[in-house]
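Undergrad: In our numbering, the protein residues as written are 49 to 170. Sharing a structure below in structure tokens format, with a few things to ask.
Given below as structure tokens:
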């Protein structure tokens with residue numbers, strides 16, 4: 049995999065950003081984007097997640113669902129959030145929404161992603 053694409057279950061735009069900010073702040077347990085919920089604190093990316101991303105040999109891209117749909121024109125299996133890998137053969141979904149949502153901590157999400165990276169870089 050040359051690139052990992054992390055797709056949030058949120059759209060771009062100031063209005064959507066404000067809604068998601070307050071939703072995450074006021075109702076964090078029912079926040080609809082597991083990827084954002086476990087990789088960000090209220091105002092910034094969690095240090096463990098940031099450190100993990102910088103350690104990866106692949107480029108990492110982060111898209112909102114509307115950006116992903118506009119660029120790739122397809123919806124992931126199981127909806128958003130999702131993680132995709134890009135290589136010479138194209139785009140492949142490597143984590144579904146259900147798999148991402150099963151991780152309750154940043155460490156658990158990292159443990160889901162790490163074997164995928166290792167298996168595709170050897």
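Where a beta carbon is used, it is the ideal one built from N, C-alpha and C, also for glycine.
(1) Since residue 56 and residue 83 are thought to touch, with beta carbons under 8 Å apart, how far apart are those beta carbons, to the nearest angstrom?
(2) Residue 148 and residue 131 - do their beta-carbons sit closer together than 8 Å?
(3) What number of angstroms, rounded off, separates the C-alpha of residue 108 from the C-alpha of residue 102?
(4) Would you decide whether residue 112 is buried or exposed? Buried here means 16 or more other CB atoms lie within 10 Å of its CB.
(5) If you measure between the beta carbons of residue 145 and residue 129, is that distance less than 8 Å?
(6) Taking residue 153 as the reference, which of 52, 96, 51 and 49 has the closest Cα?
(7) What's the gap between the Cα of residue 168 and the Cα of residue 126?
(8) Counting only runs of 4+ residues fully inside the region 95 to 159, write out the alpha helix (DSSP H) ranges in chain order.
(9) Thinking residue 50 and residue 135 are a contact (beta carbons under 8 Å), I'd like their distance in whole angstroms, please.
TA: Answer, in terms of the structure:
(1) 6 Å
(2) yes
(3) 9 Å
(4) buried
(5) yes
(6) 96
(7) Note that residue 168 has pLDDT 49, beneath the 50 cutoff, so the model's placement of it is unreliable and no number is given.
(8) 95 to 103, 113 to 120 and 145 to 150
(9) 5 Å
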